[in-house]
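Oh and the sequence shown: position 22 is 32 in the working numbering, straight run, nothing missing.
Input: a single structure, listed below in structure tokens.
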Amino acid sequence: MENKITNIEVQKRNKKRVNIYIDEEYKFSCDTEIIYKYNLSKGQHIDLKDLEEIINEDNYLKAKAAAFRIIERSYKTEKEIEDKLIQKGFDKNIVERIKKLLREYDFMNDVKYTQAFIKDNIKNQGNKKIQYNLSKKGVSESLIKRELGKINKEDMEKYATVIAEKKYSQLIKRENDTWKLSNKLTSFLLSKGYEYEMVKAIVRKITNISEYE
């Protein structure tokens, strides 16, 4: 016997996968979809080239299932999905096939992700922090700048003022020195990612220190 399928056994714990035995020895396991796609059957002879293709196709199906589990939990950027699949040990070529599939069905769209991320965070984060967080997720700098550029500066200042007033009401209970209070409020707003000039103007308005720098 040479490269002959001697048994196809359904796995006990996962009925969607089968164990393939060649020449009476366990060779590999695969999705049942592979059996139908390649018309595999007991007694069939199979060459090494076909065997390699079958194993590669099974890895693709496993990567596809893993990708859908990833996006099922929460929407991800292209880079996040790619990194997670590579971490799981999938080949780069297979990962590229998965990314193409997800793009085709609009399950992976960095433009939509960026727009949604900005919408969800614009009321409590400044543009610098939003830009930093999106960059960490692998979104391109040009895309981030383009979408942040659509945000009205007056709206951004309004959101920052609301946050600043809330923080100020907390700080004033513990701090009587106006300059120290102003510095703490400034540091807080800068840590939220707001531009320095905007922060300076908001702090001046709230603390009534006209000469504050």
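Note that the Cβ used here is the ideal one computed from N, Cα and C, for glycine as well.
Can you have a look at residue i and say buried or exposed, based on whether 16 or more other CB atoms are within 10 angstroms of its CB?
i    : result
G99  : exposed
T217 : buried
V28  : buried
A126 : exposed
K26  : exposed
S192 : buried
T87  : buried
Y178 : buried
A174 : buried
Taking the straight line between their C-alpha atoms, what separation do you get for residue i and residue j?
i    : j    : result
Q21  : D41  : 10 Å
I64  : E114 : 24 Å
E62  : F38  : 11 Å
M11  : L71  : With a pLDDT of 48 at M11, under the threshold of 50, the modelled position of this residue cannot be trusted, and the question is left open.
I32  : K146 : 47 Å
A153 : V121 : Note on identity: in this sequence residue 153 is Leu, with Ala being the wrong assignment. Roughly 7 Å separates the two Cα atoms.
L95  : M166 : 36 Å
D116 : E106 : 15 Å
Identify the residues that DSSP records as bridge partners of residue i: which are they?
i    : result
R27  : D41
V213 : For V213, which the question treats as bridged, DSSP gives no partner whatsoever.
Are residue i and residue j touching if we call contact CB-CB under 7 Å?
i    : j    : result
V213 : T196 : yes
K202 : G136 : yes
Y169 : Y123 : no
I80  : I91  : yes
K59  : I18  : no
- Query: Considering only residues of the stretch 98-141, which uninterrupted alpha helix (DSSP H) runs meet the minimum length of 4 residues and lie entirely inside it, listed in chain order?
  - Reply: 102-114 and 120-131
- Query: In chain order, which alpha helix (DSSP H) runs of at least 4 residues are fully inside the stretch 28-95?
  - Reply: 42-47 and 58-83
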